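J.: Okay, handing you the structure first.
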């Protein structure tokens with residue numbers, strides 16, 4: 012083809028020719044080595060972080076298990092303590108109460124004692140009987156007592172108890188079940204005092 016004839020244009024004709032960049036020296040090798048070192052050290056650092064996370068996770072699981080064990084032990088201790096407190100309270104209440112299944116002498120307050128205590132079921136309540144002993148060297152007349160059974164109170168009066176003597180009593184307390192009737196309190200309310 013003659014030189015004066017125009018060649019058809021192509022896409023490649025519009026792209027300017029750029030000379031290839033040639034890098035010479037040690038810079039490319041140093042860059043490559045730095046990239047490799049950083050990559051390897053990053054991988055090692057990542058592995059160590061992953062291992063430390065695993066150790067922390069294991070420690071947290073161990074602590075959680077230990078806390079669960081301690082919580083169960085604490086609940087058991089609290090339950091035992093609550094039972095002990097309840098039994099102690101019951102023991103104190105029983106100690107402060109009179110046992111109507113026991114016919115032996117039992118102490119009341121203000122120098123009185125209870126003897127021959129019995130209880131029997133009657134209609135919808137309980138009949139309590141016994142003897143009140145005056146242990147003081149004074150005579151009581153119109154002696155008022157309050158008998159409390161299962162939180163139900165009933166007052167009764169004994170006409171006269173001479174010093175060193177005893178008198179029978181019988182008190183009916185309604186609305187008390189037999190299972191709740193064993194332990195009661197008898198409180199001294201008041202009396203007229205005389206000396207012989």
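Numbering (my numbering), first residue to last: 12 to 207. Using N, Cα and C, we set each Cβ at its ideal position, and we do this for glycine too. What you are looking at is a predicted structure, and each value in this text was computed from that prediction instead of being measured.
(1) To the nearest whole angstrom, what separates the beta carbons of residue 187 and residue 137, a pair I think is in contact under 8 Å?
(2) Looking at the strands, I want to know which residues DSSP matches up with residue 140.
(3) Please identify the residue among 65, 84, 194 and 118 whose C-alpha is closest to the C-alpha of residue 162.
(4) The beta strand (DSSP E) spanning residue 149 covers which residue range?
(5) I need the DSSP call for residue 203, collapsed to helix, strand or coil.
(6) For residue 184, which option in 144, 173, 200 and 139 has the closest C-alpha, if you only look at C-alpha atoms?
(7) With a threshold of 8 Å, are at least 3 pairs of Cβ atoms found where one atom belongs to the segment 143–157 and the other to the segment 189–206?
(8) Taking Cβ to Cβ, would you say residue 156 is nearer than 8 Å to residue 129?
(9) Rounded C-beta distance between residue 176 and residue 145? I'm assuming under 8 Å.
(10) Going by C-alpha distance, which of 174, 51, 89 and 113 is nearest residue 141?
(11) Would you mind reading off the limits of the beta strand (DSSP E) that contains residue 163?
(12) Does the Cβ-Cβ distance between residue 125 and residue 117 come in under 8 Å?
(13) To the nearest angstrom, how far is it from the Cα of residue 123 to the Cα of residue 160?
(14) Name the residue from 131, 127, 121 and 192 whose alpha carbon lies nearest to the alpha carbon of residue 179.
(15) What did DSSP end up calling residue 120 once you bin it into helix, strand or coil?
(16) Please classify residue 83: is it buried, with 16 or more other beta-carbons within 10 angstroms of its beta-carbon, or exposed?
T.: Checking against the coordinates, here is how it stands:
(1) On the chain shown, position 176 is the one that residue 187 refers to. On the chain shown, position 126 is the one that residue 137 refers to. Rounded, the Cβ-Cβ distance is 5 Å, consistent with contact.
(2) Here residue 140 corresponds to residue number 129 of the chain shown, with the count starting at 1. Beta-bridge pairing links residue 140 to 129 and 181.
(3) As a working mapping, residue 162 is identified with position 151 in the chain shown. The residue with the shortest Cα to Cα distance from residue 162 is 194.
(4) Your numbering for residue 149 matches position 138 in the chain shown. In the DSSP assignment, residue 149 falls outside any beta strand (DSSP E) and carries neither an H nor an E.
(5) Reading the chain shown from its first residue, position 192 is the one you call residue 203. In this structure, DSSP gives residue 203 an extended state, which the three-state scheme calls strand.
(6) Position 173 of the chain shown holds residue 184. Ranking 144, 173, 200 and 139 by CA distance to the CA of residue 184 puts 139 first.
(7) The segment 143–157 is in contact with the segment 189–206.
(8) The residue you call residue 156 lines up with position 145 of the chain shown. The residue you call residue 129 lines up with position 118 of the chain shown. Cβ distance not < 8 Å, so residue 156 and residue 129 don't count as in contact.
(9) Numbered from 1 along the chain shown, position 165 holds the residue referred to as residue 176. Numbered from 1 along the chain shown, position 134 holds the residue referred to as residue 145. With a beta-carbon spacing of about 6 Å, residue 176 and residue 145 fall inside the 8 Å limit used to define contacts.
(10) As a working mapping, residue 141 is identified with position 130 in the chain shown. Measuring from the Cα of residue 141, the nearest candidate turns out to be 113.
(11) Counted from its first residue, the chain shown places residue 163 at position 152. From DSSP, the beta strand (DSSP E) with residue 163 extends over 163–172.
(12) For the purposes of this step, residue 125 is taken as the residue at position 114 of the chain shown. For the purposes of this step, residue 117 is taken as the residue at position 106 of the chain shown. Yes, these two residues count as a Cβ contact at 8 Å.
(13) Taking the first residue of the chain shown as position 1, residue 123 is located at position 112. Taking the first residue of the chain shown as position 1, residue 160 is located at position 149. The straight-line gap from Cα to Cα measures roughly 19 Å.
(14) Counting from 1 along the chain shown, the entry for residue 179 is found at position 168. Nearest Cα to residue 179 within the set 131, 127, 121 and 192: 127.
(15) As a working note, residue 120 is residue 109 in the chain shown. DSSP places residue 120 in coil when its eight states are reduced to three.
(16) As a working note, residue 83 is residue 72 in the chain shown. Exposed, because fewer than 16 other Cβ atoms sit within 10 Å of the Cβ of residue 83.
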